[in-house]
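Engineer: Let me begin by handing over the structure; questions about it come next.
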Amino acid sequence: CGLAGGCDALAFSLDAGRFNATTLAGVQAYGPGGGEPRHGEDLELYVFGSRLSASDRISVVAASTACGGPGANASLLDVADPWSRAVVHQDRRCSQELWHQHPITRVEAQERCDADFNCKGLHWLKLYGGDGRTADSGWYQGCGGEVATVSSDDWDVIVKP
């Protein structure tokens with residue numbers, strides 16, 4: 067995404083784990099290498115002088131122009147769920163099961179894992195087919211300890227993004 071012509075600001079909705087905030091002030095957006103952001107280029111975001119990165123587990127969930135004129139307040143990007151692109155280790159389990167729940171929605175399992183510092187990912191019972199990264203619900207377990215070190219024909223490990 068980038069700034070529309072004549073705009074001097076973007077409004078970002080940021081999600082950082084359990085912290086949600088819409089920040090209109092104190093957010094700076096730069097294009098690659100610190101230059102002027104342009105349409106179609108990735109943005110580097112800074113909040114109150116601190117650079118945000120994927121390792122900070124902060125994702126932009128929405129962005130819109132904050133100026134008048136054509137396209138004002140229009141959505142500039144569509145951010146995919148990071149879990150949908152997570153690494154999967156087939157036929158594996160982690161060395162520790164932190165919790166298990168069946169049935170549980172995928173979103174609930176992901177949120178439970180995201181909130182747990184010890185959770186390295188999710189075990190997904192794959193007996194009924196599908197993809198645990200995108201399924202509506204199923205049998206999920208919290209994955210802890212060493213990731214994907216235990217062999218199992220019934221389970222896959224979805225590594226926490």
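Using my numbering, read the sequence shown as starting at 67 and increasing by one per residue.
We treat Cβ as the ideally placed atom computed from N, Cα and C, and that holds for glycine.
Who are residue 166's beta bridge partners in DSSP?
Structural biologist: Counting from one through the sequence shown, the residue named residue 166 turns up at place 100. Paired residues: 207.
Engineer: If you pair each beta-carbon of the region 203-212 with each one of the region 152-167, do three or more pairs fall below 8 Å?
Structural biologist: Touching, per the Cβ criterion.
Engineer: DSSP beta-bridge partners for residue 159?
Structural biologist: Here residue 159 refers to the residue found at position 93 when the sequence shown is read from its first residue. According to DSSP, which records beta bridges pairwise, residue 159 is partnered with 216.
Engineer: Leaving out five residues on either side along the sequence, give the residues of the same chain with a beta carbon under 6 Å from the beta carbon of residue 192.
Structural biologist: Counting from 1 along the sequence shown, the entry for residue 192 is found at position 126. Excluding positions up to five away in sequence, the list reads 222.
Engineer: From the DSSP output, in three-state form, read off residue 310 for me.
Structural biologist: Lying before the first or after the last residue shown, residue 310 is absent from the chain, which here runs from 67 to 227.
Engineer: Give me whichever residues DSSP pairs with residue 222 in a beta bridge.
Structural biologist: Residue numbering aside, residue 222 sits at position 156 when the sequence shown is read from its first letter. Partner(s): 190.
Engineer: For residue 211, which residues in the same chain have their Cβ closer than 8 Å to its Cβ, ignoring the five residues on either side in sequence?
Structural biologist: Position 145 of the sequence shown holds residue 211. Same-chain partners within the cutoff: 160, 161, 162, 186.
Engineer: In whole angstroms, what is the alpha-carbon distance linking residue 150 and residue 217?
Structural biologist: The count along the sequence shown starts at 1 and reaches residue 150 at position 84. The count along the sequence shown starts at 1 and reaches residue 217 at position 151. Roughly 23 Å between the two C-alpha positions.
Engineer: Identify, in the order they occur along the chain, each residue of the same chain with its Cβ nearer than 6 Å to the Cβ of residue 153, setting aside the five sequence neighbours on each side.
Structural biologist: The residue you call residue 153 lines up with position 87 of the sequence shown. Answer for residue 153: 225, listed in chain order.
Engineer: Mind checking which residues open and close the alpha helix (DSSP H) that includes residue 179?
Structural biologist: As a first step, residue 179 must be located in the sequence shown, where it is residue number 113. Taken as a continuous stretch (DSSP letters only), the alpha helix (DSSP H) holding residue 179 covers 172-180.
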